[in-house]
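Throughout the sequence shown, residue numbering follows the working numbering, covering 787 to 901 in sequence.
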Amino acid sequence: QVQLVESGGGLVQPGGSLRLSCVASGSISIIDDMHWYRQAPGKQRELVATITRSGSTNYADSAKGRFTISRDNAKNTVYLQMNSLKPEDTAVYYCAADRVGFRYWGQGTQVTASS
């Protein structure tokens with residue numbers, strides 16, 4: 787089992803920045819890819835960014851150039867730095883981790899970009 791706990795969400799004005807964190811605990815010895823997803827009200831959950839264990843990254847088009855995913859394997863933590871936030875970035879953001887063919891999920895953290 788892997789437990790994931792996100793933090794760092796909140797209310798920010800459009801154009802502002804937030805940094806999300808996700809700490810993994812439990813059976814974390816072989817965590818492969820880690821991801822950030824988001825789900826806006828009335829919409830399907832969508833993939834925002836992925837980072838492999840070796841540090842390769844991939845982003846949704848909506849996140850490219852504004853968001854940066856990173857991970858610290860020693861701290862079992864993945865981050866999402868979000869800059870130039872837009873109202874359409876408002877959503878619950880979820881951390882996910884892949885381990886031995888199974889995907890574990892965090893409980894989510896709310897991000898609201900509004901004036």
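Note that beta-carbon positions come from the ideal geometry of N, C-alpha and C, so glycine has one too.
Item                                                                                                            : Value
C-alpha gap between Asp847 and Phe853, whole angstroms                                                          : 10 Å
Within 8 Å, strictly: CB atoms of Ser900 and Pro873                                                             : yes
Three-state class that DSSP yields for Asp847 in the structure shown                                            : coil
Other residues of its chain near Ile837: CB distance less than 6 Å, five sequence neighbours each side excluded : Met820, Thr843, Ile855, Arg857
Val878 versus Leu804: straight-line alpha-carbon distance, rounded                                              : 13 Å
Cα-Cα separation, Met868 to Tyr890                                                                              : 23 Å
Other residues of its chain near Gly794: CB distance less than 7 Å, five sequence neighbours each side excluded : Leu804, Arg805, Leu806, Ser807, Thr895
Closest by C-alpha distance to Gly828, when choosing among Gly851, Thr876, Ser811, Leu790                       : Thr876
Nearest neighbour of Asp884, chosen from Gly802, Val809, Asp818, Glu792 [CA to CA]                              : Asp818
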